[in-house]
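Same order as they appear, the protein sequences are chains A and B. Count along the first sequence from 1, then add 592; that gives the number in my numbering. Count along the second sequence from 1, then add 616; that gives the number in my numbering. Each residue gets a CB set at the ideal place from its N, CA and C atoms; glycine is no exception. The structure presented is a predicted model; accordingly, all values stated were derived computationally and were not measured.
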Amino acid sequence: MTKSSAQYGSRLTAALQADRGGRLFLGTLIVVSAIVPLLNLLPSPASALHLSNYTVTLIGKYMTYAMLAIAVDLIWGYCGILSLGHGAFFALGGYAMGMYLMRQIGTRGVYGNPILPDFMVFLNWKELPWFWEGFNAFPYALLMIVLVPGMLALVFGFLAFRSRVSGVYLSIITQALTYALMLAFFRNDMGFGGNNGFTDFKDILGFSLQSSATRITLFLVTALSLGACYVLCRLIIASRAGRVIQAIRDAENRARFIGYRVESYKLWLFVLSAVLSGIAGALYVPQVGIINPSEFSPANSIEIVIWVAIGGRGTLYGAVVGAFLVNYAKTYFTDALPSMWLYALGTLFVVVTLFLPRGVVGAISGREFFRRRALRT
Amino acid sequence: MRTALDRLTSRSRSAKPAPRAALDASHGVILYLEDITVSFDGFRALNALTLYVEVGELRCIIGPNGAGKTTMMDVITGKTRPDTGSAWFGQTVDLLALSEPQIAQSGIGRKFQKPTVFENHSVFENLELAMAGPKTVWKWLAAQTTAEQVDHIDRVLQTIGLTERRLDIAGALSHGQKQWLEIGMLLMQDPQLLLVDEPVAGMTPQEVERTAELLVSLAGKHSVIVVEHDMEFVRSIARTVTVLHEGSVLAQGSIDEVQADARVQQVYLGE
Numbered sequence: 593m594t595k596s597s598a599q600y601g602s603r604l605t606a607a608l609q610a611d612r613g614g615r616l617f618l619g620t621l622i623v624v625s626a627i628v629p630l631l632n633l634l635p636s637p638a639s640a641l642h643l644s645n646y647t648v649t650l651i652g653k654y655m656t657y658a659m660l661a662i663a664v665d666l667i668w669g670y671c672g673i674l675s676l677g678h679g680a681f682f683a684l685g686g687y688a689m690g691m692y693l694m695r696q697i698g699t700r701g702v703y704g705n706p707i708l709p710d711f712m713v714f715l716n717w718k719e720l721p722w723f724w725e726g727f728n729a730f731p732y733a734l735l736m737i738v739l740v741p742g743m744l745a746l747v748f749g750f751l752a753f754r755s756r757v758s759g760v761y762l763s764i765i766t767q768a769l770t771y772a773l774m775l776a777f778f779r780n781d782m783g784f785g786g787n788n789g790f791t792d793f794k795d796i797l798g799f800s801l802q803s804s805a806t807r808i809t810l811f812l813v814t815a816l817s818l819g820a821c822y823v824l825c826r827l828i829i830a831s832r833a834g835r836v837i838q839a840i841r842d843a844e845n846r847a848r849f850i851g852y853r854v855e856s857y858k859l860w861l862f863v864l865s866a867v868l869s870g871i872a873g874a875l876y877v878p879q880v881g882i883i884n885p886s887e888f889s890p891a892n893s894i895e896i897v898i899w900v901a902i903g904g905r906g907t908l909y910g911a912v913v914g915a916f917l918v919n920y921a922k923t924y925f926t927d928a929l930p931s932m933w934l935y936a937l938g939t940l941f942v943v944v945t946l947f948l949p950r951g952v953v954g955a956i957s958g959r960e961f962f963r964r965r966a967l968r969t
Numbered sequence: 617m618r619t620a621l622d623r624l625t626s627r628s629r630s631a632k633p634a635p636r637a638a639l640d641a642s643h644g645v646i647l648y649l650e651d652i653t654v655s656f657d658g659f660r661a662l663n664a665l666t667l668y669v670e671v672g673e674l675r676c677i678i679g680p681n682g683a684g685k686t687t688m689m690d691v692i693t694g695k696t697r698p699d700t701g702s703a704w705f706g707q708t709v710d711l712l713a714l715s716e717p718q719i720a721q722s723g724i725g726r727k728f729q730k731p732t733v734f735e736n737h738s739v740f741e742n743l744e745l746a747m748a749g750p751k752t753v754w755k756w757l758a759a760q761t762t763a764e765q766v767d768h769i770d771r772v773l774q775t776i777g778l779t780e781r782r783l784d785i786a787g788a789l790s791h792g793q794k795q796w797l798e799i800g801m802l803l804m805q806d807p808q809l810l811l812v813d814e815p816v817a818g819m820t821p822q823e824v825e826r827t828a829e830l831l832v833s834l835a836g837k838h839s840v841i842v843v844e845h846d847m848e849f850v851r852s853i854a855r856t857v858t859v860l861h862e863g864s865v866l867a868q869g870s871i872d873e874v875q876a877d878a879r880v881q882q883v884y885l886g887e
């Protein structure tokens, strides 16, 4: 155990040594997670240094998006699997967390029913549907946050990769997947609150979601998850399996004919990516306070891909940069010039595709971002 | 779970990979193709093709375009399933029951017509990825390259003459060097049988000469099948030449015998 953990420690050091952008990102993440809580809690609300709860939550939300973007970059940037339906896994993780939060409301709901969430009382349902059982327990909800997106990705990926569906065709069926889920979740009789989804959450593990302390804790848990997600993906990419994954991206048939089960590698990576997306979604919901079927909308999933493309595909940290840049711009535009946002996003995408083919981080660093240097001698 | 996952994603009809040690070529023949027919929309790419290759042999396959050379390679490596016929690797390995990765792991290496290497990886990494072994995700996540494996890679680098390009990105190699790297990748798997599709297309005369030496040096230790158009090159390496035409064997023998054959002349000159 100690031997293998030492081994992984040294691998981590080696992987980060070759990853300048990653060190910069992790350093920034540590600084931000130290400063943001301090500025929120210490200065008086009137002070210019004070960070409002709104801002803390906003950064927390961006960090969940960044996790989602890393998950997409992992499969798209490194394995060439362009998923235009990753919002579905994010939303499923979010719904699983939402179900837990709904059941925590208990008698504090409008109808005061101790078991049934409000929307079920409203629909005249008499008992809890079977798939809602267990969600009052947090560990069970955690399990579902991982299992539901993971199992969906396993079944979907198994069928798609085994039939060797790839390229544009795969992208299209991932769109169909998230669209189908959106339509299903819009239906009231699915038992997920129809088009209103879930909202009005009260507390998580007994702590009020409105309190600063809970918000800061959620913020820190999100930052930690984002960092862990980054390190995990970096370790995978730097391993020999990671080199196979990139080899599959560059020459799939060659990989197959030197004896790799390309489908296994793709499926494994796809499932992992879906699980990371689900975790990101689960962190998103308690901070934002709402989850509804619009999270499944195909446009959302396309937007994730745009974040990655703008930030710089195949770098992991580029995905983080893209997620923050685009979402900050979105927050700004939807406030200042609401009608302009989609035009701005479209323009940004076109400009980046034409002039910065390796995204913002590729333009900054200038070169060699797609290649990992061979350091061994 | 892991093996179940691997099994699920494999397209093979048999669950286990062919055991590597079991290759039995005790009758002196490493590859048996018998009565193989492949049709695409009514066009017979292979027509009752029967072909045997001996252990350690360097065999050249020639034939006009559309003679079925590449389809034959596809059948041997599991890319195409024939309509009828049988394909055996040694006495015991039924190639028609295995998937592409299983066939590769059982000891058949294939070089594509267009040089295909992993362009974003270094030359060393290309060879490392091609190493024989259980290539599952879980094993490879934790895999460390041992000193022994580095030695093996260095020996292959020597064989293919790319020792000095060891740490260069494969995409930066010349066309000929990529061809050699790809042959090196096959060698990393210690294949008993090498399939080499048009190795000298687009090469300079020096590169052609170097490739001929390389292939001749490989024969003996491995059985090698070379598909080639360049008759000069075939003459320089081949002991036995098989001429394919319209999906079956038209003639077989030494290069001189084959070139003297009236039917071969007719096919090639179109008289």
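Selected residue, minimal CA-CA separation from residue 862(B), among 639(B), 642(B), 641(B), 654(B):
Taking the second sequence and counting its residues from 1, one reaches residue 862(B) at position 246. The residue with the shortest Cα to Cα distance from residue 862(B) is 654(B).
Does the Cβ of residue 654(A) have 16 or more other Cβ atoms within 10 Å, making it buried, or fewer, making it exposed?
Counting from 1 along the first sequence, the entry for residue 654(A) is found at position 62. Buried, by the Cβ-count rule.
Suppose only complete runs of 4+ residues qualify. What are the alpha helix (DSSP H) ranges in the stretch 710-797 of chain B, listed by chain order?
716-722, 739-745, 753-758, 763-776
Pick from 736(B), 692(B), 645(B): whose alpha carbon is nearest that of residue 838(A)?
Translated into the one-based positions of the first sequence, residue 838(A) becomes position 246. Here the closest residue by C-alpha is 736(B).
Could one say the Cβ of residue 962(A) lies closer than 8 Å to chain B's Cβ atoms, at least one of them?
As a working mapping, residue 962(A) is identified with position 370 in the first sequence. Confidence at residue 962(A) is low in this model, with a pLDDT of 43, below 50, so the placement of that residue should be treated as unreliable; the coordinate-derived value is given next. At least one chain B Cβ lies under 8 Å of residue 962(A).
Strictly under 8 Å for the Cβ-Cβ distance: is residue 741(B) near chain A by that measure?
In the second sequence, counting from the first residue as 1, residue 741(B) sits at position 125. Answer yes: the Cβ-Cβ gap between residue 741(B) and chain A drops below 8 Å somewhere.
Which residue spans inside the stretch 828-898 of chain A form an unbroken alpha helix (DSSP H) run of at least 4?
832-842, 844-849, 854-880
For the beta strand (DSSP E) containing residue 869(B), name the first residue and the last one.
In the second sequence, counting from the first residue as 1, residue 869(B) sits at position 253. From DSSP, the beta strand (DSSP E) with residue 869(B) extends over 864-869.
Taking 8 Å as the CB-CB limit, is residue 837(B) close to chain A?
By one-based count along the second sequence, residue 837(B) stands at place 221. Output row for residue 837(B): interface = no.
In three-state terms, what does DSSP make of residue 675(A)?
Numbered from 1 along the first sequence, position 83 holds the residue referred to as residue 675(A). Coil at residue 675(A), not helix or strand.
Compute the Euclidean distance between the alpha carbons of residue 691(A) and residue 901(A), then round it to the nearest angstrom.
Within the first sequence, numbered from 1, the residue matching residue 691(A) stands at position 99. Within the first sequence, numbered from 1, the residue matching residue 901(A) stands at position 309. Answer to the nearest angstrom: the Cα atoms are 33 Å apart.
Determine the DSSP secondary structure at residue 652(B), reduced to helix, strand or coil.
For this step, residue 652(B) is matched to residue 36 along the second sequence. Three-state DSSP puts residue 652(B) in a strand.
Do you know offhand how far residue 873(B)'s Cα is from residue 681(B)'s?
By one-based count along the second sequence, residue 873(B) stands at place 257. By one-based count along the second sequence, residue 681(B) stands at place 65. Whole-angstrom Cα-Cα distance: 21 Å.
Quick check on residue 853(A): buried or exposed, where buried means 16 or more other Cβ atoms within 10 Å of its Cβ?
Start at 1 with the first residue of the first sequence, and residue 853(A) comes out as number 261. Label assigned to residue 853(A): buried.
Residue 656(A) and residue 875(A) - do their beta-carbons sit closer together than 8 Å?
Your numbering for residue 875(A) matches position 283 in the first sequence. Your numbering for residue 656(A) matches position 64 in the first sequence. Against a cut-off of 8 Å, the Cβ pair of residue 656(A) and residue 875(A) comes out as a contact.
CB of residue 778(B) within 8 Å of CB of residue 792(B), strictly
If you number the second sequence from 1, residue 778(B) lands on position 162. If you number the second sequence from 1, residue 792(B) lands on position 176. For residue 778(B) and residue 792(B), no; Cβs fall outside 8 Å.
Top-ranked residue by Cα proximity to residue 675(B), from 725(B), 748(B), 880(B), 859(B)
Numbered from 1 along the second sequence, position 59 holds the residue referred to as residue 675(B). Closest option to residue 675(B), Cα to Cα, is 859(B).
Residue 732(B): contacting residues in chain A (beta-carbon distance under 8 Å):
In the second sequence, residue 732(B) corresponds to position 116, counting from 1. In chain order: 843, 845, 846.
Going along the chain, which residues of the stretch 712-726 of chain B sit with their C-beta nearer than 7 Å to a C-beta in chain A?
716, 717, 720, 721, 726
Below-8 Å beta-carbon distance, residue 625(A) vs any chain B residue
Indexing the first sequence from 1 puts residue 625(A) at position 33. Residue 625(A) does not count as touching chain B.
Considering Cα atoms alone, identify which of 640(A), 887(A), 632(A), 937(A) is closest to residue 775(A).
Here residue 775(A) corresponds to residue number 183 of the first sequence, with the count starting at 1. Per the Cα distances, 887(A).
Identity of the residue in 768(A), 906(A), 789(A), 637(A) nearest residue 778(A) by Cα
What you label residue 778(A) is simply residue 186 of the first sequence in a count that begins at 1. The candidate whose alpha carbon is nearest that of residue 778(A) is 789(A).
Could you confirm whether any beta carbon from chain B is found closer than 8 Å to the beta carbon of residue 700(A)?
Stepping through the first sequence from its first residue, residue 700(A) is reached at position 108. No, because no Cβ of chain B sits closer than 8 Å to the Cβ of residue 700(A).
Can you tell me which of 711(B), 673(B), 783(B) puts its alpha carbon nearest to the alpha carbon of residue 694(B)?
For this step, residue 694(B) is matched to residue 78 along the second sequence. Comparing Cα-Cα distances from residue 694(B) to each of 711(B), 673(B), 783(B), the minimum goes to 711(B).
By the 10 Å Cβ neighbour count, where 16 or more other Cβ atoms means buried, how is residue 616(A) classified, buried or exposed?
Along the first sequence, read from residue 1 onward, the residue named residue 616(A) stands at position 24. So residue 616(A) ends up on the exposed side.
What residue does the beta strand (DSSP E) around residue 714(A) start on, and which one ends it?
Counted from its first residue, the first sequence places residue 714(A) at position 122. From DSSP, residue 714(A) is part of no beta strand (DSSP E) but of the alpha helix (DSSP H) over 710-714.
Going along chain A in order, which residues have a C-beta closer than 9 Å to the C-beta of residue 842(B)?
Position 226 of the second sequence holds residue 842(B). Residues of chain A passing the Cβ test: none, with the nearest at roughly 17 Å.
Taking the DSSP output, what are the residues bridged to residue 676(B)?
Looking up residue 676(B) in the second sequence gives position 60. In DSSP, residue 676(B) forms a bridge with 842(B), 857(B).
Below-8 Å beta-carbon distance, residue 689(B) vs any chain A residue
Along the second sequence, read from residue 1 onward, the residue named residue 689(B) stands at position 73. With 8 Å as the cut-off, residue 689(B) does not count as an interface residue toward chain A.
By the three-class DSSP mapping on this structure, what secondary structure does residue 703(A) have?
Against the first sequence, residue 703(A) aligns to sequence position 111. Three-state result, residue 703(A): coil.
Three or more C-beta pairs under 8 Å: does that hold for the stretch 815-833 of chain B against the stretch 641-653 of chain B?
no
Taking contact to mean 3 or more Cβ pairs, one atom from each stretch, closer than 8 Å, check whether the stretch 755-767 of chain B and the stretch 836-849 of chain B are in contact.
no
Quick check: the Cα distance between residue 720(A) and residue 783(A), rounded to an integer number of angstroms?
Counted from its first residue, the first sequence places residue 720(A) at position 128. Counted from its first residue, the first sequence places residue 783(A) at position 191. When rounded, the distance between both Cα atoms is 9 Å.
Mark residue 747(B) as exposed unless 16 or more other C-beta atoms lie within 10 angstroms of its C-beta, in which case mark it buried.
Numbered from its first residue, the second sequence carries residue 747(B) at position 131. Residue 747(B) is buried by the Cβ-count criterion.
Those residues which DSSP pairs with residue 835(B) across a bridge:
Walking along the second sequence from the start, residue 835(B) turns up at place 219. Bridge partners of residue 835(B): 838(B).
Scan the stretch 669-688 of chain B for residues whose Cβ lies nearer than 9 Å to a Cβ of chain A and list them as they occur along the chain.
none
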